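Engineer: Chains as they are written, first to last, in my numbering: chain A, 31 to 281; chain B, 4 to 258.
1) Using a Cβ-Cβ distance under 8 Å, would residue 98 (chain B) count as near chain A?
2) Take every Cβ of the region 137 to 144 of chain A, pair it with every Cβ of the region 196 to 211 of chain A, and state whether three or more of those distances are shorter than 8 Å.
3) Starting from residue 62 (chain B), follow the beta strand (DSSP E) in both directions and report where the run begins and ends.
4) Taking Cβ positions, are residue 66 (chain A) and residue 39 (chain A) nearer each other than 8 Å?
5) Are the Cβ atoms of residue 49 (chain B) and residue 84 (chain B) separated by less than 8 Å?
6) Counting along the chain, where does the alpha helix (DSSP H) carrying residue 52 (chain A) start and finish?
7) Start and end of the alpha helix (DSSP H) containing residue 267 (chain A)?
8) Run through the DSSP bridge pairs and tell me what residue 208 (chain B) is partnered with.
9) Would residue 176 (chain B) pass as an interface residue toward chain A - the criterion being a Cβ-Cβ separation below 8 Å?
10) Taking the beta carbon of residue 269 (chain A) as the centre, do at least 16 other beta carbons fall within 10 Å, making it buried, or is it exposed?
11) Chain B beta carbons: is any one of them nearer than 8 Å to that of residue 185 (chain A)?
12) Using the C-alpha atoms, what's the distance from residue 59 (chain B) back to residue 132 (chain B)?
13) Rounded to a whole number of angstroms, what is the C-alpha to C-alpha distance between residue 144 (chain B) and residue 166 (chain B)?
14) With a cut-off of 8 Å, does the C-beta of residue 181 (chain A) fall near any C-beta of chain B?
15) Using 8 Å as the threshold, is the C-beta distance between residue 160 (chain A) and residue 100 (chain A) below it?
16) DSSP puts residue 213 (chain B) in a beta bridge; with which residues?
17) Thinking residue 256 (chain A) and residue 226 (chain A) are a contact (beta carbons under 8 Å), I'd like their distance in whole angstroms, please.
18) Residue 199 (chain A) versus chain B: which residues are under 8 Å apart at the beta carbon?
19) Since residue 259 (chain B) contacts residue 204 (chain B) with CB under 8 Å, what's their CB separation in whole angstroms?
20) Please report the distance separating the alpha-carbon of residue 146 (chain A) from that of residue 228 (chain A).
21) Of the choices B:168, B:245 and B:185, whose alpha-carbon is the least far from that of residue 199 (chain B)?
22) Would you call the CB atoms of residue 153 (chain B) and residue 188 (chain B) closer than 8 Å?
23) Can you tell me whether residue 31 (chain B) is helix, strand or coil according to DSSP?
24) In the DSSP output, what is residue 15 (chain B) paired with across the bridge?
25) Roughly how far, in whole angstroms, is the beta-carbon of residue 179 (chain A) from the beta-carbon of residue 192 (chain A), given that I think they are within contact range, below 8 Å?
26) Is there at least one Cβ from chain B nearer than 8 Å to residue 99 (chain A)'s Cβ?
27) Please check the pair residue 104 (chain B) and residue 185 (chain A), which I expect to be a contact at CB under 8 Å, by giving their CB distance rounded to whole angstroms.
28) Measuring alpha carbon to alpha carbon, tell me which of A:69, A:205 and A:224 ends up nearest residue 93 (chain A).
29) Where do the N-terminal and C-terminal ends of the alpha helix (DSSP H) with residue 101 (chain B) fall, by residue?
30) Nearest chain A C-beta to residue 30 (chain B) closer than 8 Å, yes or no?
31) For the region 166 to 179 of chain B against the region 17 to 34 of chain B, do three or more pairs of beta-carbon atoms, one drawn from each stretch, fall closer than 8 Å, so that the two count as touching?
32) For a quick check, are the C-beta atoms of residue 40 (chain B) and residue 56 (chain B) less than 8 Å apart?
33) So for residue 227 (chain A), helix, strand or coil by DSSP?
34) To the nearest angstrom, report how far apart residue 258 (chain B) and residue 25 (chain B) are at their CA atoms.
35) Quick check: is the beta carbon of residue 191 (chain A) nearer than 8 Å to any beta carbon in chain B?
36) Could you spell out the range, first to last residue, of the beta strand (DSSP E) harbouring residue 161 (chain B)?
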């Protein structure tokens, strides 16, 4: 994953410079906007104390569990529904309906079922990610080239060979779209659920704590950390996708 | 025994407005062993449907299709699709694309290597097999489809407008090679093309398809002998073309 200075680093440096200028100008109350230097100092302190690692770990694993569960269930289910287009046709409205429900609304239901614990947060992340995975995997199969399936059939391929050696590969670019969108969604939901009741650890709960304690540098540092987490996850996925789906831009 | 035998076949298709249209009614065609037949006709006259029925992708509503007396599904068929980009597997290298028909039959690696060696010995491969299809030009990609069809030692070859997605240079390049392949591999072959010149260059017999339901309105023997390098005979090409234009204009086949 190579970083390009002009595209990936320079805009961030520019933003930091602008931020520093605004802080130094005295236009904004430091209570509302800490300076980049103060924020960086607070970040260094949090890392030195090691507290932030605990929050980072909790957030990371919650999101990962929910996301992986959605991947393991959503992708095969989506492939199945896409392959049997008629069943997808029957369920499309239902999938759209569930996709239209803001996942965070499910949190109270998850609390009722699983109680105040990790499972309820993971369940909401799963709920938010799984419909995106199902939808994109199904569409990947539905829009795959039928000529390839026909070519394989003429060559004598059986149904399971058509699925495992043609359909999955043809749907891969769209499956990756689903993975990337649902990972972003997973991060959003994961952090928001931590900001609600019952989370002792996690970046979301640290943001709430920093806000109530008027610890503005800590608040901004945690927000930046969440942003960097999402940014890094997305970039890693893109690099992985470009390696796996090497034919995507060639077709 | 005829290589390809299409006997009294009927087939209707559903139009977008829900109506049924009869594409073939009591249609028959035979292709002898080693014979190369060209199919020429206006768009939508049923050329691709015919190839799909012969290959077994489509079942006729009535009638029978047989390949050397057997059902299409019981024979290896080399099918060259018009859209080479959609028919090749871009995630596989050229080598793996060509070997795909063997790999799905769980052929031993040593045997696959041997078969590929024999094929490349017989038919020259003017590019690196480790490349991916999208790294080749159009004509070469279509050539890979031909190779992939031939690797499994097919009983027949069906080519559905193999040149139509290519520019002039690529078409000429591929046509030269197809001609060479047909000279070496003598299997019953049907080639569908929009350009009558290509068919006169490659086929020993050209059938002109028209009407709804489709029927063969003319047949023309080109005197082309694939065993001889320079047996090309374009005599009759012009008159056939003129005759056809007249016929299609009268029948409204282009409408």
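All residues carry an ideal CB built from backbone N, CA and C; glycine is no exception. Here the structure is a predicted model, which is why all the values come from computation and not from measurement.
Structural biologist: So, from the data block:
1) In the second chain, the residue the question calls residue 98 (chain B) occupies position 95. Closer than 8 Å: no.
2) Contact fails: fewer than three Cβ-Cβ distances are below 8 Å.
3) Reading the second chain from its first residue, position 59 is the one you call residue 62 (chain B). For residue 62 (chain B), no beta strand (DSSP E) segment is defined, and its DSSP state is neither H nor E.
4) Taking the first chain and counting its residues from 1, one reaches residue 66 (chain A) at position 36. Taking the first chain and counting its residues from 1, one reaches residue 39 (chain A) at position 9. In this structure, the beta-carbon distance from residue 66 (chain A) to residue 39 (chain A) does not fall below 8 Å.
5) Position 46 of the second chain holds residue 49 (chain B). Position 81 of the second chain holds residue 84 (chain B). Not closer than 8 Å, so no.
6) To locate residue 52 (chain A), count along the first chain from 1; it is residue 22. Unbroken alpha helix (DSSP H) run through residue 52 (chain A): 40 to 55.
7) The count along the first chain starts at 1 and reaches residue 267 (chain A) at position 237. That run of the alpha helix (DSSP H) goes 246 to 274.
8) Within the second chain, the letter at position 205 stands for residue 208 (chain B). Beta-bridge pairing links residue 208 (chain B) to B:40 and B:224.
9) On the second chain, position 173 is the one that residue 176 (chain B) refers to. Chain A places no beta carbon closer than 8 Å to that of residue 176 (chain B), leaving this residue out of the contacts.
10) Start at 1 with the first residue of the first chain, and residue 269 (chain A) comes out as number 239. Around the CB of residue 269 (chain A), fewer than 16 other CB atoms lie within 10 Å, so the residue is classed as exposed.
11) Position 155 of the first chain, counted from the first residue, corresponds to residue 185 (chain A). Residue 185 (chain A) has a beta carbon lying within less than 8 Å of a beta carbon in chain B.
12) Taking the second chain and counting its residues from 1, one reaches residue 132 (chain B) at position 129. Taking the second chain and counting its residues from 1, one reaches residue 59 (chain B) at position 56. Rounded to the nearest angstrom, the two C-alpha atoms are 30 Å apart.
13) Residue numbering aside, residue 144 (chain B) sits at position 141 when the second chain is read from its first letter. Residue numbering aside, residue 166 (chain B) sits at position 163 when the second chain is read from its first letter. Those two C-alpha atoms are separated by around 11 Å.
14) Taking the first residue of the first chain as position 1, residue 181 (chain A) is located at position 151. Answer yes: the Cβ-Cβ gap between residue 181 (chain A) and chain B drops below 8 Å somewhere.
15) Residue mapping note: residue 160 (chain A) aligns to position 130 of the first chain, counting from 1. Residue mapping note: residue 100 (chain A) aligns to position 70 of the first chain, counting from 1. For the 8 Å CB-CB criterion, residue 160 (chain A) and residue 100 (chain A) form a contact.
16) Numbered from 1 along the second chain, position 210 holds the residue referred to as residue 213 (chain B). DSSP, once it has assigned bridges, lists B:218 as partnering residue 213 (chain B).
17) Position 226 of the first chain holds residue 256 (chain A). Position 196 of the first chain holds residue 226 (chain A). By a beta-carbon distance limit of 8 Å, residue 256 (chain A) does not contact residue 226 (chain A). Their separation comes to about 16 Å.
18) Counting from one through the first chain, the residue named residue 199 (chain A) turns up at place 169. Those within 8 Å of residue 199 (chain A) in chain B are 92 and 94.
19) With chain B running from 4 to 258 in the structure shown, residue 259 (chain B) is simply not present.
20) Position 116 of the first chain, counted from the start, is the residue given in the question as residue 146 (chain A). Position 198 of the first chain, counted from the start, is the residue given in the question as residue 228 (chain A). So the alpha carbons of these two residues sit roughly 6 Å apart.
21) Sequence index remark: in the second chain, residue 199 (chain B) carries index 196 (1-based). Considering only alpha carbons, the answer is B:245.
22) Taking the second chain and counting its residues from 1, one reaches residue 153 (chain B) at position 150. Taking the second chain and counting its residues from 1, one reaches residue 188 (chain B) at position 185. Result yes, Cβ atoms of residue 153 (chain B) and residue 188 (chain B) sit closer than 8 Å.
23) For this step, residue 31 (chain B) is matched to residue 28 along the second chain. Three-state DSSP puts residue 31 (chain B) in a strand.
24) Mapped onto the second chain, residue 15 (chain B) falls at position 12. Answer by DSSP bridge pairing, in chain order: B:25.
25) Within the first chain, numbered from 1, the residue matching residue 179 (chain A) stands at position 149. Within the first chain, numbered from 1, the residue matching residue 192 (chain A) stands at position 162. Correct: roughly 6 Å between the Cβ atoms.
26) Residue numbering aside, residue 99 (chain A) sits at position 69 when the first chain is read from its first letter. Among the residues facing chain B, residue 99 (chain A) is not included, as its CB has no counterpart in that chain under 8 Å away.
27) Here residue 104 (chain B) refers to the residue found at position 101 when the second chain is read from its first residue. Here residue 185 (chain A) refers to the residue found at position 155 when the first chain is read from its first residue. Residue 185 (chain A) and residue 104 (chain B) do touch by the CB rule: their CB atoms are close to 4 Å apart, below 8 Å.
28) Locating residue 93 (chain A) in the first chain gives position 63, where the first residue counts as 1. When only C-alpha atoms are compared, the closest one is A:224.
29) Taking the second chain and counting its residues from 1, the one referred to as residue 101 (chain B) is at position 98. For residue 101 (chain B), the enclosing alpha helix (DSSP H) starts and ends at 97 to 106.
30) As a first step, residue 30 (chain B) must be located in the second chain, where it is residue number 27. No, because no Cβ of chain A sits closer than 8 Å to the Cβ of residue 30 (chain B).
31) Contact between the region 166 to 179 of chain B and the region 17 to 34 of chain B is absent, because fewer than three Cβ pairs lie under 8 Å.
32) Along the second chain, one-based indexing puts residue 40 (chain B) at 37. Along the second chain, one-based indexing puts residue 56 (chain B) at 53. Between residue 40 (chain B) and residue 56 (chain B), the gap from beta carbon to beta carbon reaches 8 Å or more.
33) The residue you call residue 227 (chain A) lines up with position 197 of the first chain. If DSSP states are grouped into helix, strand and coil, residue 227 (chain A) belongs with coil.
34) Position 255 of the second chain, counted from the first residue, corresponds to residue 258 (chain B). Position 22 of the second chain, counted from the first residue, corresponds to residue 25 (chain B). At residue 258 (chain B) the pLDDT is 40, less than 50, meaning the model places this residue with poor confidence and gives no usable figure here.
35) Position 161 of the first chain holds residue 191 (chain A). Yes - at least one Cβ of chain B is within 8 Å of the one on residue 191 (chain A).
36) Taking the second chain and counting its residues from 1, one reaches residue 161 (chain B) at position 158. Boundaries of the beta strand (DSSP E) harbouring residue 161 (chain B): 159 to 163, taken from the DSSP string.
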